[in-house]
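In this text, residue positions in the sequence shown follow the working numbering: the first is 1163, and each later residue adds one.
Just below is one structure, and these are the notes that go with it.
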Amino acid sequence: MKNILLLLLVLPLFAVNSLYAVGGVKISGNITSPLSDSVTFTFNDNNLAYYPQIYYAKVSKTGVFTIEFPSPAGKYVQVEITHGNHLAELLLHAGDSLQLWVDTKHFDSSIRYAGRGADVQNFIAKHTIEKGRMNQYSIKLKTAINDTPGLFLKTIDAAYADEMKYLAQNIAKPPAAFHNWWDAFHKYYNYFFMQQYPQMHEVVRLHRFTDTIPAANYSVLKAMPDAFYDSLLQLPPYLLYLTGAVEARLKASGYAWHSNDTAGIRRMEDSVAAIVKKVMPRESAEFYMAQKLYGKARGQQLARTQAQLSDFKQRWPASAYLPFIERQVAMAERLAPGQPAPDFELVTNDGRRLKLSDLRGKVVYLNFWAGWCRQCVGEIMSEKKIKDLLRRRELEFVYVSIANDTALDMSLVRRYKITGIFANAAGGWASKEVQQYAVQSLPAYYLIDQQGKFVAQYTPGPAQALELVMLIEKLFK
């Protein structure tokens, strides 16, 4: 239950292969009082991570633009339009041909559409004003986490019914494909929150993390069906449901383990994988195994990752996910224990130039962070006890911020009297240091030994203080 900030990997369009058959959409527009000379269309076309497809249209001085771009055939896709500081949502389907009008002085209330697919877009625009953006539905469900199991189910059922009623009241005859999409979008968000309820209810109630869950909390899962359909793989809530459904069933049946029980977690993962391969349709099982391998590749033992990759290739040798998985596994191999840590130059906040290699002979605990990352700050503040325990060791705490503006970083350092070497990675997520260390989330930790080599495939954070201290102490024996 770690909060993570995903690295938004903005890749060149030619480098990202669609995982789906490709269709196309056309949009022409008239913008009154344009704020810039372009309008941007963005959507994600990869389920493993956020690899956005980004398309730009040139806006004339009179506010006119035209654009045509590919989208997954036969699927509805959530697309964001941005112009200046304004943002709008579209729900596009291959074959849509739209005309758009908007006045930037009254952006949300003035946007309207005509042409093929316009009924759906006008509905989405109205929904944004009256009920919020589509993904804000999840916020309504989160508020019900505090409730008892029975009341929780009533609340989320009512939220789903309200969305379906709103659709019926605002489109007399919605396209069947859109009606089905809208229905599934909200149903599967409900199913996902049913999975989340047992543990999250306790976390909210206790105001702390716990993996001791009362059996009564699992009663909500009786209302969650086993509903796996390959046709829904482009639907984000379905993917959320898909990734946790089998594990939730096992927990509800009494298959329990603790977060620090590494062997138990591995047995659970293997059990879930075996069940997934039996009960899910082929493409859904392929996605499940792909996203688990992609997500775990750099946080588990390399031999386990390599064995899982071999099994995946045997089952799905032509999988479109393979290039992304193999790239992730290659990163894991490059950052494996015993491999040399990439050297880089630091310009510290007191103006000194320092190379990482200058610290050879000392153990280095390297932390990529940013002042705007709440988890980063919280974990840095909890390091004091660790530093006290290890104060006699030749150990350096090195903090590399990816923030563009380091003023917040340094104010936090001064306020909480944080000790260590502080530097900034110029370029943020695109910086050389971030790329060398394949940082994909914050905070990111790396333990480097006295010879400048990585110590562990997964480096514990300050929240795993005992595990971290024991790992560091081994380096001085």
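Each residue gets a CB set at the ideal place from its N, CA and C atoms; glycine is no exception.
Secondary structure of R1278 (DSSP, three-state): strand. S1198 places its beta carbon less than 7 Å from that of G1246.
Annotation for E1541: no beta strand (DSSP E) segment contains it, though the alpha helix (DSSP H) segment containing it runs R1536 to M1543. Per DSSP, the beta-bridge partners of P1214 are N1206. The shortest CA-to-CA distance from V1221 to any of Q1215, I1189 and E1251 is the one to I1189. In this structure V1365 touches T1372 by the C-beta definition: roughly 6 Å separates them, less than 8 Å. With a cutoff of 7 Å on beta-carbon distance, A1532 and A1565 are scored as near each other.
The Cβ atoms of V1282 and S1233 do not sit closer than 7 Å to each other.
In the three-state reduction of the DSSP assignment, Q1613 falls in the coil class, being assigned neither a helical nor a strand state.
With 16 or more other Cβ atoms from the protein chains shown falling within 10 Å of its own Cβ, Q1453 counts as buried. For K1188, the pairing in a beta bridge is given by DSSP as E1230 and S1259. The alpha-carbon separation between L1412 and A1256 amounts to approximately 39 Å. With contacts defined by Cβ atoms closer than 7 Å, F1616 and A1503 form a contacting pair.
Every beta strand (DSSP E) stretch that sits fully inside the segment 1474–1548 and reaches 3 residues is listed by chain position as 1507–1509, 1515–1517 and 1525–1531.
Between the alpha carbons of N1206 and E1242 lies a gap of roughly 10 Å.
Around the Cβ of L1313, a 10 Å sphere holds fewer than 16 other Cβ atoms; the residue is exposed. Distance check between V1560 and each of S1573, D1567, S1259 and F1506 places F1506 closest, using alpha-carbon atoms only. Boundaries for E1558: no alpha helix (DSSP H) harbours it, while the beta strand (DSSP E) harbouring it runs L1557 to S1563, taken from the DSSP string. G1225 sits close to I1193, with the two beta carbons spaced by under 7 Å. With a cut-off of 8 Å on Cβ pairs, the segment 1423–1431 is not in contact with the segment 1383–1390, counting fewer than three such pairs. DSSP, read as helix, strand or coil, puts F1584 in strand.
When DSSP states are grouped into helix, strand and coil, S1593 belongs to the coil group. Nearest to L1609 by alpha-carbon distance, out of H1341, P1196, V1525 and A1410, is V1525.
Listed as beta-bridge partners of S1200 by DSSP are K1220. For M1543, the CB contacts under 7 Å within the same chain, skipping 5 residues up- and downstream, are Y1578 in chain order. The continuous stretches of beta strand (DSSP E) do not include V1382, and DSSP gives it neither H nor E.
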